[in-house]
Amino acid sequence: MTAVQQRATAPHRGRQEPRGRSAGTILLNTAIGLVLVAGAVAVQTLAVTPDAMGKPLTYTGARGEAVDAGRFSVRVQNVSTAKQVSVLGKTVPTDRLFLIIELQAMVDKTPLRLDLPSLLTGDGRRFAATDKISKEKTLAGIPIQPGWWTSGAFVFEVPADALTGARFVVGPQNGALYSEPLTPEAQVDL
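Each residue of the sequence shown is one higher than the one before, starting from 911 at the first, in this note's numbering.
As structure tokens, this is what we get:
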């Protein structure tokens, strides 16, 4: 008689029950999920609205200091008032006041021209530069070149009560066909 030996085999395991997640893992996953949701909500509140896209980025400063608006810088040198101004030998009178702002402008890289500025009063009124003096006779008519301070002036025709708390606001000219969003502007307290 011969003895037959049985082959040793591994026991058959079958399907095992999945191990449950620990409480620490559940809490960690919940915390990560809440942080991601809170971050998404916070980022959503930072989105720029279409109305805000049309408004300029305003850089502020004071008279006598250079206000760097990114693409250009301005420095208001002198502010004076007059009842009349002389342009190329022609006297221009007013029944209000001429506010004359002498300033310098500079760009770092690309030449540009400044747009006609506005004067923002302490009580919220806005005045455009006077049309009694040609744009070409102001700093808006002079191209600003990189690396050089270019001097010029702007003239406003305003009532005397507009001088208190006034701020000078200027930005670059926009192209005729394309107006860039978030254009920079410099606002200088006078």
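Here a beta-carbon is modelled for each residue, glycine too, at the ideal position from N, C-alpha and C.
In terms of DSSP beta bridges, what is threonine 935 paired with? Your numbering for residue 935 matches position 25 in the sequence shown. DSSP lists no partner for threonine 935.
Along the chain, where does the beta strand (DSSP E) that runs through proline 960 open and close? Here residue 960 refers to the residue found at position 50 of the sequence shown. Premise fails: proline 960 lies in the alpha helix (DSSP H), 960-963, not in any beta strand (DSSP E).
What whole-angstrom Cβ distance do valine 1079 and glutamate 1095 have, given they're in contact under 8 Å? Counting from 1 along the sequence shown, the entry for residue 1079 is found at position 169. Counting from 1 along the sequence shown, the entry for residue 1095 is found at position 185. About 6 Å; that satisfies the 8 Å criterion.
Would you check if the region 945-960 and the region 1017-1033 touch, i.e. whether three or more CB-CB distances between them fall below 8 Å? no
Does any CB atom of chain C fall closer than 7 Å to the CB of glycine 1075? Although the question refers to chain C, the structure presented lacks it and comprises just one protein chain.
In chain order, what residues of the same chain lie with their CB nearer than 6 Å to the CB of leucine 967, ignoring the 5 residues before and after it? Working through the sequence shown from its first residue, we reach residue 967 at position 57. Closer than 6 Å at the Cβ level, and outside the excluded window around leucine 967, lie Leu1092, Pro1094.
What does glutamine 954 pair with, by DSSP beta-bridge criteria? As a working note, residue 954 is residue 44 in the sequence shown. Glutamine 954 is not bridged to any residue.
Determine the burial state of serine 932: buried for a count of at least 16 other Cβ atoms within 10 Å of its Cβ, exposed for fewer. As a working note, residue 932 is residue 22 in the sequence shown. That one is exposed.
Distance, Cα to Cα, valine 958 vs isoleucine 1052? Locating residue 958 in the sequence shown gives position 48, where the first residue counts as 1. Locating residue 1052 in the sequence shown gives position 142, where the first residue counts as 1. When rounded, the distance between both Cα atoms is 34 Å.
What does the alpha-carbon distance come out to for the pair alanine 979 and valine 989? Residue 979 sits at position 69 when you count from the first residue of the sequence shown. Residue 989 sits at position 79 when you count from the first residue of the sequence shown. Those two C-alpha atoms are separated by around 21 Å.
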